[in-house]
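Novice: Protein chains in written order, with numbering that gives the first Met the number 0: chain B, 0 to 241; chain A, 0 to 479. Where is the CB? At the ideal position from N, CA and C, for every residue including glycine. Quick one: the structure is below, and I'll ask about it shortly.
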Amino acid sequence: MAVKTLTINGEQYSAQEGESILSVARQHHIPIPTLCHLEGLSTVGACRLCVVQVEGSPKLLPACTTKVEEGMVVTTSNTKLDKYRRMIVALLASEGNHVCAVCVANNHCELQDLAYQVGLVRVRYPYLYPDKKLDATHKEYVMDHNRCVLCTRCVRVCDEVEGAHVWDVAGRGINCEIVSGLNDNWGNSQTCTECGKCVMVCPTGALFEKGVTVSEMEKKKGFLKYIITARQKKEWVSISND
Amino acid sequence: MSKIITIAPVTRVEGHAKITIHLNEHGEVQDARFHVNEFRGFEKFCEGRLLWEMPGLTSRICGICPASHLVTSAKAGDDILSIGIPETAEKLRRLLTLGQWLQSHALSFFHLSSPDFLLGFDADPAIRNIFGLMQSHKELARRGIRIRKFGQQIIEFLGGRRIHTPWAVAGGVREPFTKEEQQKLLEWYPEVKETSLMAIKIIKEVQEKFAKEVSCFGNFHSLFMGMVGPKGELEYYGGNLRIMDSAGNIIADNIDPREYYKHFGEASESWSYLKFPYYKPHGYPKGIYRVGPLARLNICDFIDTPLAEKERQHFKKLAPSTEAVNNSFYYHYARMIEMLFAVEKVEELLRDPSIFGTHVRSKAEINKLEGVGACEAPRGTLFHHYNVDENGVLQKVNLLIATSQNNMAMNRTVRQIAMEFIDGPVIPEPVIPEPVINRIEAGIRCFDPCLSCSTHATGEMPLDISLIDVDGNVLDRRLR
Ligand code: SF4
Ligand code: SF4
Ligand code: FES
């Protein structure tokens with residue numbers, strides 16, 4: 000496989016052909032905030048938090064879906080990028096009902112972490128306070144649409160890793176939401192194996208275990224690496240959840 | 000034409016309120032009302048949420064007694080899950096409740112009321128507060144702050160933070176207690192006990208000094224309601240309900256708190272957001288009752304800690320023979336006896352080896368669609384009543400809170416004080432003398448009302464603002 004050389008934030012790096020900008024950045028500990036991306040799942044470029052500036056490109060490009068090219072000059076952080084990222088997190092926060100203080104995922108939430116990471120101190124958009132569903136029909140788990148940021152990680156992990164394909168995306172724009180089956184209650188799903196993978200990869204308190212209380216829903220994502228390595232390399236690595 | 004004089008807002012009462020004094024055609028006080036204007040729709044917005052979230056959600060209702068809401072909500076959850084919680088969990092919840100009592104009673108006495116007592120009701124409001132007290136009674140103010148901290152420390156150790164702790168959950172509690180925390184509290188304990196005894200001494204002196212205030216600060220007949228333990232002892236966490244009349248007769252006993260709604264109704268008045276609970280068999284407004292320290296000390300047969308029991312016997316002597324102590328000024332004394340009780344009980348619990356158990360949480364599924372939790376919050380009996388669907392999603396929430404149960408009594412108190420201290424016509428100069436304002440505020444403070452949590456309903460209450468003269472003519476009316 001051909002090696003490509005590129006510049007990120009003024010430093011030169013080499014990368015494999017077909018690799019994403021995000022992957023190279025991660026290898027070299029260059030921070031780029033992400034939300035929809037999760038190592039082990041396919042890449043969809045849905046959240047736009049990972050946008051970077053590439054010289055010669057008129058628009059900002061998502062680092063997770065953009066492949067490296069020879070001679071590419073990439074900037075991962077500047078005033079404009081930082082501002083856009085803050086805007087994205089603020090829009091996500093104002094679009095749902097994210098009341099961290101009483102949320103099951105408080106202190107274990109990627110949306111919260113992102114807010115810190117991008118330096119979001121004030122949301123300037125009006126909060127929409129939508130009246131969204133809470134689906135508690137599943138025996139083990141709960142889906143609270145109020146906290147869903149539509150990253151589709153649940154959809155992908157269920158389809159690609161568990162092979163059950165319980166979740167899908169329905170509706171458009173502000174009415175877009177994650178549905179189970181053909182927009183039925185999760186508890187009626189014939190295909191859900193109750194494995195809990197979707198709950199663990201969900202970045203927020205949208206998916207959680209029934210019975211947890213404020214701050215108790217810790218998401219353990221280590222299983223993903225374990226399963227992927229086992230499948231691809233027939234190696235059974237130890238699970239680490241950090 | 001009658002005139003209305005308004006005092007707003009009441010200072011040093013948690014939350015916001017408004018009082019109106021209604022005059023008759025001669026300019027004399029005819030009526031006075033205590034209005035609550037703050038509006039927080041907790042019951043409504045809890046609907047659609049999950050049972051397990053409720054302790055965390057409802058503990059946010061109020062910054063003064065979050066632990067009481069937490070425990071009560073967890074108990075309503077236990078009821079719906081239909082499980083008994085581990086022994087250690089119950090003891091730790093008890094400890095938390097006592098921490099809440101200490102914290103809140105200390106706040107009421109030292110921070111809010113003792114400036115009136117020690118600096119005088121008519122001292123300049125600018126110094127009649129905890130800061131003024133720091134100048135004049137430094138040691139006492141310091142001790143007051145420390146005993147409150149002790150209560151907060153208990154809550155913090157158990158819950159991991161001082162206010163809004165999400166630690167009690169349906170089925171038990173989240174974390175066990177540690178030896179290290181016990182040691183720290185025991186070391187602190189002697190000072191707390193001393194302060195508590197000091198407070199008793201002070202309040203007794205105050206009662207002698209302010210004979211006139213004592214006689215009219217809500218001195219009237221009403222029922223008293225609260226929990227008692229299985230042997231009739233003062234109770235704060237579990238127990239059944241008892242109702243006593245002002246003559247000291249027990250008129251209902253052994254009521255399962257789950258059946259509270261069969262015994263108490265809630266009336267609304269267009270001029271207040273606070274509901275007016277009443278004892279159903281006596282109807283509204285005859286079924287006026289009081290809850291909280293005064294009620295609890297009236298209804299119990301004894302206190303099962305020695306020092307507090309000794310004080311209770313003094314307290315009983317404030318009323319002739321077997322009568323209940325009817326004077327609301329004695330809320331303060333009762334509160335301080337309870338503080339002493341809490342201090343003694345905390346020690347008892349801290350020395351109980353079973354508080355170190357590690358099995359503190361039972362788990363179960365939804366086993367019932369309705370549940371009630373009740374506990375004695377610092378200000379009186381607190382009820383959480385939930386209806387859920389089979390998945391644990393809340394369909395209906397009713398919270399019956401101490402301050403609203405004292406609502407009628409607070410109105411009576413305000414009226415009584417206004418009539419007593421404004422004698423004769425106020426017209427042509429409709430101003431309320433400063434001493435009257437001070438006394439009305441102090442009268443309300445006997446009940447230690449916490450207004451933010453008691454105005455939690457939404458949707459049902461009409462907003463009707465009327466100005467009515469003595470002949471019943473509506474001079475002005477606004478509807479919303
Ligand atoms: S629990 Fe497992 S099978 Fe069920 S929806 Fe989630 S990922 Fe799919
Ligand atoms: S439920 Fe969670 S994982 Fe699924 S789309 Fe929403 S936020 Fe993402
Ligand atoms: S992480 Fe790249 S678009 Fe979401």
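Here's the rule I'm using: 16 or more other beta-carbon atoms within 10 Å means buried, otherwise exposed. How should GLN189(B) be labelled?
Specialist: exposed
Novice: From the beta carbon of GLU52(A), is the nearest beta carbon of chain B less than 8 Å away?
Specialist: yes
Novice: With H, G and I counted as helix, E and B as strand and the rest as coil, what does DSSP make of MET243(A)?
Specialist: strand
Novice: What residues of chain B sit near GLY47(A), judged by a beta carbon separation below 9 Å?
Specialist: ASP130, LYS132, LEU133
Novice: Can you pull the DSSP bridge partners for TYR278(A)?
Specialist: PHE263(A)
Novice: Please classify ASN406(A): is it buried, with 16 or more other beta-carbons within 10 angstroms of its beta-carbon, or exposed?
Specialist: buried
Novice: Beta-carbon separation of ILE336(A) and ALA318(A) under 8 Å?
Specialist: no
Novice: Out of ALA169(A), MET224(A), THR177(A), GLY225(A), point me to the one whose CA is closest to LYS209(B)'s CA.
Specialist: ALA169(A)
Novice: Looking at the C-beta of LEU339(A), does it have a partner C-beta in chain B at a distance below 8 Å?
Specialist: no
Novice: Determine which residues of the segment 369–391 of chain A have a Cβ less than 7 Å from any Cβ of chain B, and write them out in chain order.
Specialist: Of all residues in the segment 369–391 of chain A, ASN390, GLY391 have a Cβ within less than 7 Å of some Cβ in chain B.
Novice: Alpha carbon to alpha carbon, how far is VAL211(B) from LEU50(A)? Give it in angstroms, no decimals.
Specialist: 10 Å
Novice: Specify the secondary structure class of ARG256(B) as computed by DSSP and reduced to three states.
Specialist: Nothing in the structure corresponds to residue 256(B), since chain B is present only between 0 and 241.
Novice: Within 10 Å of its beta-carbon, does GLN181(A) have 16 or more other beta-carbons around it, so buried, or fewer, so exposed?
Specialist: buried
Novice: Is any beta-carbon of chain A found at less than 8 Å from that of ALA205(B)?
Specialist: no
Novice: Going by CA-CA distance only, name the one from ARG438(A), GLU89(A), PRO280(A) that's closest to LYS211(A).
Specialist: The residue with the shortest Cα to Cα distance from LYS211(A) is ARG438(A).
Novice: If you measure beta-carbon to beta-carbon, which residues of the segment 389–418 of chain A are closer than 7 Å to chain B?
Specialist: ASN390, GLY391, VAL392
Novice: Taking all protein chains shown into account, do 16 or more other C-beta atoms lie within 10 angstroms of the C-beta of HIS313(A), making it buried, or fewer, making it exposed?
Specialist: exposed
Novice: So TYR55(A) is in the alpha helix (DSSP H); what residue range does that whole segment cover?
Specialist: Per the sequence shown, residue 55(A) should be read as Gly rather than Tyr. GLY55(A) -> alpha helix (DSSP H) spans 53–57.
Novice: I want to check one thing, is the minimum distance from the CB of THR33(B) to the heavy atoms of ligand 3 below 7 Å?
Specialist: yes
Novice: Closer than 8 Å, Cβ to any Cβ of chain B: which residues of the segment 332–360 of chain A, in chain order?
Specialist: Taking 8 Å as the Cβ-Cβ cut-off against chain B, none of the residues of the segment 332–360 of chain A qualify.
Novice: So ARG32(A) is in the alpha helix (DSSP H); what residue range does that whole segment cover?
Specialist: No alpha helix (DSSP H) holds ARG32(A); the beta strand (DSSP E) holding it covers 28–34.
Novice: Would GLY247(A) pass as an interface residue toward chain B - the criterion being a Cβ-Cβ separation below 8 Å?
Specialist: With 8 Å as the cut-off, GLY247(A) does not count as an interface residue toward chain B.
Novice: Quick check on the DSSP output: what are the complete beta strand (DSSP E) runs of length 3 or more inside the segment 171–237 of chain A, in order along the chain?
Specialist: 222–227
Novice: Is the segment 101–119 of chain B touching the segment 51–61 of chain B in the sense that three or more CB pairs, one from each, lie closer than 8 Å?
Specialist: no
Novice: Residues in the same chain with beta-carbon distance under 7 Å from ILE302(A), minus the five sequence neighbours each way, listed in chain order, please.
Specialist: GLU232, LEU233, GLU308, ARG311, PHE340
Novice: Report the neighbours of ARG444(A) on chain B: residues whose CB is nearer than 7 Å to its CB, in chain order.
Specialist: What ARG444(A) touches in chain B, judged by beta-carbon distance under 7 Å, is nothing: the nearest beta carbon there is about 30 Å away.
Novice: For ILE177(B), is the beta carbon positioned less than 7 Å from some heavy atom of ligand 2?
Specialist: yes
Novice: If you measure from the CB of ARG121(B), is any heavy atom of ligand 3 nearer than 7 Å?
Specialist: no
Novice: Name the residues in the segment 91–111 of chain B whose C-beta lies less than 8 Å from a C-beta of chain A; which are they?
Specialist: ALA100, VAL101, VAL103
Novice: TYR225(B) by DSSP, collapsed to three states: which one?
Specialist: In this structure, TYR225(B) counts as helix in the three-state DSSP scheme.
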